[in-house]
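The block underneath contains the structure these notes are about, expressed in structure tokens.
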Amino acid sequence: MELAVSQEQIGVESETAISREPPRVDLVLLRRETAAWTAAQRALLPDGVRESSARFVLWEFKYTESLTLDAIRQAQAYGYFFHTTRGLKPRAVQMFILSAKTPQAKRLAAFEYEPTDMAGVYRSRNLFTKEIPLLVLNELSDAPHNALVKVFASRKAEKAKAFRLLREHWQLPTALLTLLEVLQAIWSLPEGATMQEILTPERVMEIGEEWKRIFLSNLSPEELDTYIDPAYKQSLLQAGQAEGREEGREEGREEGQLLATRQMIEQILQRRLGTMSVAVSERLHGCTLAELNALVNLALDAETWEAFAAALPAHPADA
């Protein structure tokens with residue numbers, strides 16, 4: 007070809023790279039590390055996926071757009087190149103398309119997708135799409151094993167049911183639970199469904215911290231006190247009462263409140279600014295309950311340990 011056409015200003019290349027960097031595709035890969043799905047593994051996987059015998063499961067997740075020709079082309083290419091570049095047999099890899107939105111009936115018909123006996127799981131009779139099942143998140147059943155993917159369904163009612171199932175049936179790590187709680191709060195806003203900001207896990211957690219700081223900074227010391235764990239407050243109160251039994255119940259109650267407030271401030275500061283110095287700790291231990299209550303907002307707003315320490319009340323022992 008080069009010898010034949012190059013004289014007419016037609017460039018010819020062979021074995022050319024399709025991109026300057028190795029392509030990285032936007033999908034989720036689940037790699038089963040056991041001979042078959044175990045009961046514990048299947049309890050974490052949605053319908054359609056949990057029935058697959060493939061070792062490698064690929065999800066192409068469509069959140070802002072519905073089922074399209076481009077989505078199917080991408081899914082075909084991802085599955086093909088994944089098993090060929092890794093030297094895997096085709097049956098070792100199963101590609102799924104997960105759609106947050108419910109495709110229109112005519113769109114499903116165009117690609118010959120038909121419902122199966124599992125709600126929300128569709129399979130196609132078309133030669134080019136029969137190996138790519140479609141999961142419609144709005145339609146998946148309310149079984150607990152579907153909850154983790156259904157929180158990304160487009161319908162708010164389906165999201166809400168999924169969140170309830172997660173809380174009731176899943177033992178979620180604290181970080182994941184916090185992430186999902188903030189996501190639910192964002193989605194509950196009027197503009198939540200149309201937000202254009204890319205919500206990475208890091209950004210979601212950052213938003214959560216911002217909201218928490220704003221919320222706490224607008225509470226009075228009395229209101230803030232109500233958010234301390236009751237069992238923890240009771241243990242501190244009992245300790246304060248024990249220490250102050252000789253001087254009366256009222257003094258013991260005040261001592262318990264002082265200990266609880268100081269502990270709360272220490273937790274806020276160490277979460278925001280890191281390890282507390284001995285000097286700052288000693289000065290906090292010298293503060294009265296009224297002084298500690300006045301320090302709550304400062305603990306939430308101080309940018310550095312130096313800024314916080316500079317605002318601490320001065321006591322004779324500090325001189």
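Residue 294 in this note's numbering sits at position 288 of the sequence shown; the count goes up by one each step and never skips. Cβ atoms here follow ideal geometry from the backbone N, Cα and C, with glycine treated the same way.
Query, Result
"3 or more residues per run - each beta strand (DSSP E) lying fully within the stretch 28-112", "34-37, 62-68 and 99-105"
"The stretch 37-51 in contact with the stretch 71-81 per 3-pair CB rule at 8 angstroms", "no"
"For S130: DSSP bridge partner residues", "Y119"
"V286 - partner residues in DSSP beta bridges", "Answer is none; V286 lacks a bridge partner."
"6 angstroms Cβ shell around V286 - same chain, five flanking residues per side excluded", "A315"
"Distance CB(L318)-CB(L301) smaller than 9 angstroms", "yes"
"Close Cβ partners of R268 (< 8 angstroms) along its chain, the five nearest in sequence each way excluded", "L290, H291, C293 and L298"
"Spatial distance of I103 from A296 (CA atoms)", "59 angstroms"
"Reduced DSSP secondary structure (H/G/I, E/B, other) of L318", "coil"
"Distance between P150 and Q276 (C-alpha atoms, nearest Å)", "37 angstroms"
"Cβ-based burial, E8 [other Cβ within 10 Å; buried from 16]", "exposed"
"Close Cβ partners of L33 (< 8 angstroms) along its chain, the five nearest in sequence each way excluded", "L64, W65, E66, F67 and Y84"
"Neighbourhood of E174 by C-beta, 8 angstroms cutoff - its chain only, sequence neighbours within 5 removed", "P150"
"Reduced DSSP category for V157 - H, G, I as helix; E, B as strand; rest coil", "coil"
"Limits of the beta strand (DSSP E) - the one that V142 falls within", "L140 to V142"
"Q82 to I138 span [Cα, whole Å]", "8 angstroms"
"Rounded straight-line distance, which links the Cα of P179 to that of E272", "24 angstroms"
"Closest residue to P109 among L154, W43, Y86 and E120 (Cα-Cα distance)", "E120"
"From E288, S20, V127 and S283, residue whose alpha carbon lies closest to that of W311", "S283"
"Within 9 angstroms, strictly: CB atoms of S147 and R97", "no"
"Per-residue burial, E145 [other beta carbons within 10 Å of its own, 16 or more giving buried]", "buried"
"The alpha helix (DSSP H) enclosing L298, as first and last residue numbers", "L295 to D307"
"Within-9 angstroms CB hit, G54 to chain B", "Any reference to chain B falls outside this structure, which holds one protein chain only."
"Any non-hydrogen atom of the ligand ATP closer than 8 angstroms to S130 Cβ", "The ligand ATP is not part of the structure shown, which contains no ligands of any sort."
"Whole-angstrom distance between R170 and L140, CA atom to CA atom", "25 angstroms"
"Backbone secondary structure at L146 - three-state DSSP", "coil"
"9 angstroms Cβ cutoff met for D53 and M101", "no"
"Spatial distance of S130 from A115 (CA atoms)", "9 angstroms"
"7 angstroms CB neighbourhood of T90 in its chain, flanking five on each side removed", "none"
"Local conformation of T184 per DSSP, three classes", "helix"
"A125 - containing alpha helix (DSSP H), residue span", "Segment: none, A125 is in no alpha helix (DSSP H) and carries neither H nor E."
"Limits of the unbroken alpha helix (DSSP H) element including L178", "No alpha helix (DSSP H) holds L178; DSSP gives it neither H nor E."
"Cutoff 6 angstroms; reference E118; Cβ partners in own chain excluding five residues on either side", "S130, R131 and N132"
"Pairwise C-alpha distance: L185 and V155", "14 angstroms"
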